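Asks: The sequence shown begins at 1 in the UniProt record's numbering and counts up by one. For glycine and all other residues, C-beta sits at the position ideal for the given N, C-alpha and C. The structure presented is a predicted model; accordingly, all values stated were derived computationally and were not measured.
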Amino acid sequence: MDNLSDTLKKLKITAADRTEGSLEGCLDCLLQALAQNNAETSEKIQGSGILQLFANLLTPQASCTAKVADIIAEVAKNEFMRIPCVDAGLISPLVQLLNSKDQEVLLQTGRALGNICYDSHSLQAQLISMGVIPTLVKLLGIHCHNAALTEMCLVAFGNLAELESSKEQFASTNIAEELVKLFKKQIEHDKREMIFEVLAPLAENDAIKLQLVEAGLVECLLEIVQQKVDSNKEDDVAELKTASDLMVLLLLGDESMQKLFEGGKGSVFQRVLSWIPSNNHQLQLAGALAIANFARNDGNCIHMVDNGIVEKLMDLLDRHVEDGNVTVQHAALSALRNLAIPVVNKAKMLSAGVTETVLKFLKSEMPPVQFKLLGTLRMLIDAQAEAAEQLGKNAKLVERLVEWCEAKDHAGVMGESNRLLSALIRHSKSKDVIKTIVQSGGIKHLVTMATSEHVIMQNEVLVALALIAALELGPAEKDLASAQLVQILHRLLADERSAPEIKYNSMVLICALMGSGKASSCRSVSMWLSSDVKRMVIINDINK
1 MDNLSDTLKK
11 LKITAADRTE
21 GSLEGCLDCL
31 LQALAQNNAE
41 TSEKIQGSGI
51 LQLFANLLTP
61 QASCTAKVAD
71 IIAEVAKNEF
81 MRIPCVDAGL
91 ISPLVQLLNS
101 KDQEVLLQTG
111 RALGNICYDS
121 HSLQAQLISM
131 GVIPTLVKLL
141 GIHCHNAALT
151 EMCLVAFGNL
161 AELESSKEQF
171 ASTNIAEELV
181 KLFKKQIEHD
191 KREMIFEVLA
201 PLAENDAIKL
211 QLVEAGLVEC
221 LLEIVQQKVD
231 SNKEDDVAEL
241 KTASDLMVLL
251 LLGDESMQKL
261 FEGGKGSVFQ
271 RVLSWIPSNN
281 HQLQLAGALA
291 IANFARNDGN
301 CIHMVDNGIV
311 EKLMDLLDRH
321 VEDGNVTVQH
331 AALSALRNLA
341 IPVVNKAKML
351 SAGVTETVLK
361 FLKSEMPPVQ
371 FKLLGTLRML
381 IDAQAEAAEQ
391 LGKNAKLVER
401 LVEWCEAKDH
411 AGVMGESNRL
421 LSALIRHSKS
431 KDVIKTIVQS
441 GGIKHLVTMA
451 TSEHVIMQNE
461 VLVALALIAA
471 LELGPAEKDL
481 ASAQLVQILH
491 RLLADERSAP
501 EIKYNSMVLI
511 CALMGSGKAS
521 SCRSVSMWLS
531 SDVKRMVIIN
541 DINK
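1) Which same chain residues end up closer than 7 Å to N280 when comparing Cβ atoms and leaving out the 5 residues on each side of it in sequence?
2) Any chance you could list the beta strand (DSSP E) runs of at least 3 consecutive residues sitting entirely within the region 61-116, in chain order?
3) Counting Cβ pairs, one atom from each stretch, are 3 or more of them under 8 Å apart for the region 82-92 and the region 110-119?
4) What is the rounded straight-line gap between the Cα of residue 546 and the Cα of T59?
5) Kindly indicate which residue of V463, V180 and I510 has the alpha-carbon position closest to the one of V198.
6) Specify, as a first and last residue, the run of the alpha helix (DSSP H) that C144 falls within.
7) For F269 and L260, I'd like the C-alpha separation in whole angstroms.
8) Would you call the CB atoms of L97 and V86 closer than 8 Å?
9) Counting beta carbon pairs with one atom in the region 210-226 and one in the region 249-260, are three or more of them shorter than 8 Å?
10) So what does DSSP say about L163, is it helix, strand or coil?
11) Just how far apart, CA to CA, sit L513 and S430?
12) I'd like the list of long-range same chain contacts for T173, defined as Cβ closer than 6 Å, with 5 residues on each side in sequence excluded.
13) Tell me which residues share the same chain as T376 and place their Cβ nearer than 8 Å to its Cβ, disregarding the 5 neighbours each side in the sequence.
14) Please tell me whether L421 and I434 are closer than 8 Å, where the distance is taken between their beta carbons.
15) Any idea if F294 is buried or exposed, counting beta-carbon neighbours within 10 angstroms, 16 or more meaning buried?
16) Along the alpha helix (DSSP H) that carries Q370, what are the first and last residues, could you check?
17) Hey, how far is the Cα of residue 572 from the Cα of G308?
18) Using C-beta distances below 7 Å, list every residue in its chain close to L163, excluding the 5 sequence neighbours before and after it, in chain order.
19) Between L273, T41 and N345, which has its C-alpha nearest residue 581's C-alpha?
20) Which residues bound the alpha helix (DSSP H) around residue 626?
21) So L493 and S482 are in contact, right, with Cβ under 8 Å, and what is the actual spacing, rounded?
22) Kindly list the residues whose CB is nearer than 6 Å to the CB of K360, restricted to its own chain and excluding five residues on each side of it in sequence; keep chain order.
23) Count the other CB atoms within 10 Å of the CB of R523; is the residue buried (16 or more) or exposed (fewer)?
24) Could you say which of R319, S351 and L467 lies nearest to I381 if we only look at CA atoms?
25) Here's a check: name, in chain order, each residue in its chain whose Cβ is nearer than 7 Å to the Cβ of I468, leaving out the five neighbours to either side.
26) My understanding is that H445 touches V402, with C-beta atoms under 8 Å, so please give their C-beta distance in whole angstroms.
27) Hey, which unbroken runs of the beta strand (DSSP E) at 3 residues or more fall wholly within the region 292-324?
28) When DSSP labels each residue in this structure, what does M130 get in the three-state scheme?
29) Checking 8 Å against the spacing of the C-beta atoms, do Q108 and D70 come in under that value?
30) On a CA-only basis, which of H303, G299 and I291 is nearest M314? Give me that one, please.
31) Use the C-beta contact count for I276: other C-beta atoms within 10 angstroms, 16 or more gives buried, fewer gives exposed.
32) Would you tell me roughly how many angstroms separate the C-alpha atoms of E406 and A331, rounded to the nearest one?
33) With a Cβ-Cβ cutoff of 8 Å, do L240 and F196 count as a contact?
34) Going by alpha carbons, who is nearest to V447 out of M366, A35, R419 and L34?
35) Between the Cα of K363 and those of Q458, G216, W404 and A388, spot the shortest distance and give me the residue it belongs to.
36) Alpha carbon to alpha carbon, what distance is there between M304 and L316?
The following block contains the structure:
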């Protein structure tokens with residue numbers, strides 16, 4: 001280390017007077033010392049104050065620039081050296097060097113910046129604000145035949161793409177075209193994996209999704225799927241998953257999705273359809289998720305239902321009833337739920353037997369499957385009285401719904417269960433459905449739903465409760481009273497924050513309770529209603 005101390009002293013002198021030969025020799029000694037013991041040598045460099053001199057040595061004209069950048073890259077491998085590098089003012093001259101024509105300078109500069117800013121979002125954001133993204137994209141295009149420079153650019157893209165602030169800059173470049181061009185040339189798994197790691201975060205941006213689709217990425221992904229689908233090799237299985245997952249991600253953008261759908265006649269859409277009957281679980285999953293993404297507008301949904309997609313999804317679900325793949329179940333149910341949204345599709349899907357298929361998963365203990373099952377049924381019975389009545393009289397279903405209404409650990413399942421209970425009453429308007437729900441203990445959950453923080457859920461259940469009061473109040477009286485319905489209505493009417501439609505539907509429910517045809521019910525309801533609520537009824541009637 002005595003030699004290192006001498007080198008550092010000599011470097012201070014030679015750096016000041018720019019003696020090229022002596023400077024090169026000192027830098028070589030430093031690189032050798034770093035190779036032998038990086039941490040200890042870095043501490044010595046920091047203590048010597050030499051870092052501050054490096055900023056002046058980072059000039060495009062100097063012959064030693066690449067070595068200086070190399071030393072900075074090496075010392076910045078140590079976390080304790082990164083802030084000193086920043087404090088020494090090294091970032092700005094390094095960024096300027098990205099405009100160099102010298103490939104070795106570019107490589108070492110990229111390494112230095114990457115190591116200094118490693119795992120620091122604030123420093124990476126600083127690089128983005130200094131405009132490094134367009135510069136790096138340009139470098140990738142110019143030096144695509146230089147493997148080391150290409151890898152440096154990809155590593156930089158992978159780090160910067162994680163920051164949301166980078167997406168707009170990336171979208172303004174031809175990054176999609178360059179990455180797809182590079183991807184097509186790669187045959188090694190490791191190289192393609194590195195590009196995938198850049199593509200995944202970039203593809204979260206809708207504008208870049210469309211650019212990637214237009215650049216031909218989807219065709220590359222489909223080719224990988226075709227090549228790897230029958231392979232059991234670990235790398236091939238991983239690449240198949242990555243490619244199909246990225247394909248699904250590209251479909252999350254509205255424009256990119258429509259471009260690939262092509263009115264249901266697109267080759268990409270047709271290839272995705274062929275994944276659903278596949279024996280490969282990953283392809284089944286990706287196929288179902290892709291259909292769920294294509295089913296994000298009514299036109300697509302109607303076309304797909306008319307062309308037999310429902311039967312394909314039902315067949316897929318039938319293959320996963322017993323000890324099936326949960327992710328495939330969830331994806332297929334998601335697709336069916338989306339397809340059931342257009343009014344014209346509901347009757348077609350009901351007649352195809354979708355409810356019977358979906359009910360096979362009623363015994364599932366997996367909350368994601370439960371959630372999609374509930375959503376699918378709720379969409380199917382919307383304005384479908386006969387189907388709502390048939391399901392509402394299904395005691396096993398209603399009992400399961402009541403059970404899930406208490407799933408406090410899974411708010412989504414609990415909310416959807418309540419909404420489906422309410423929907424069964426609203427759409428069936430059936431006394432038998434109300435009786436089934438009363439017998440299964442569902443009334444208390446409906447009353448509790450009236451206190452939901454979501455206005456839409458409050459409105460739905462207030463209408464359902466009004467139907468109970470109008471159609472079949474007798475069997476429900478006791479449960480409504482014990483659930484403190486009137487007190488809840490009182491609070492809703494008294495609360496200034498209650499939406500106008502909540503107050504209106506609360507009044508409708510109170511009127512239904514008071515106007516019940518049964519004398520005993522009327523007396524009972526009158527006893528429940530406080531004088532305050534009665535005054536509210538009168539005031540609201542006057543205000544009308």
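Replies: In short, the structure shows the following:
1) V229
2) none
3) yes
4) This structure leaves residue 546 out entirely; the chain is present only between 1 and 544.
5) V180
6) Per DSSP, C144 lies in no alpha helix (DSSP H) segment and is marked neither H nor E.
7) 6 Å
8) no
9) yes
10) coil
11) Distance between the alpha carbons of L513 and S430 is about 17 Å.
12) So the list reads P134 and V137, once near-sequence residues are dropped.
13) The residues are L333, L336, R337, A340, V354 and V358.
14) no
15) buried
16) Its alpha helix (DSSP H) spans residues P367 to I381.
17) Only positions 1 to 544 of the chain appear in this structure, which leaves residue 572 out of reach.
18) The beta carbon of L163 sits closer than 7 Å to those of H121, Q124, A125 and I128, all from its chain and outside the five residues before and after it, given in chain order.
19) There is simply no residue 581 to check, as the chain begins at 1 and stops at 544 in what is shown.
20) Examination of residue 626 is not possible in this model, given that the chain is present from 1 through 544 alone.
21) L493 to S482, Cβ: 21 Å. No contact.
22) Taking C-beta separations shorter than 6 Å and ignoring five residues to either side along the sequence, the partners of K360 in its chain run V321, following chain order.
23) Any reading at R523 must be qualified, since the residue scores a pLDDT of 46, below 50, and its modelled position is unreliable; the value itself is stated next. Exposed, because fewer than 16 other Cβ atoms sit within 10 Å of the Cβ of R523.
24) S351
25) I425, I434 and A476
26) Taking a contact as a CB-CB distance under 8 Å, the pair H445 and V402 counts as one, their CB atoms being some 6 Å apart.
27) Listed in chain order, nothing qualifies, since the region 292-324 has no complete beta strand (DSSP E) run of 3 or more residues.
28) coil
29) yes
30) Across the set H303, G299 and I291, the C-alpha of I291 shows the shortest separation from the C-alpha of M314.
31) buried
32) 25 Å
33) no
34) R419
35) W404
36) 16 Å
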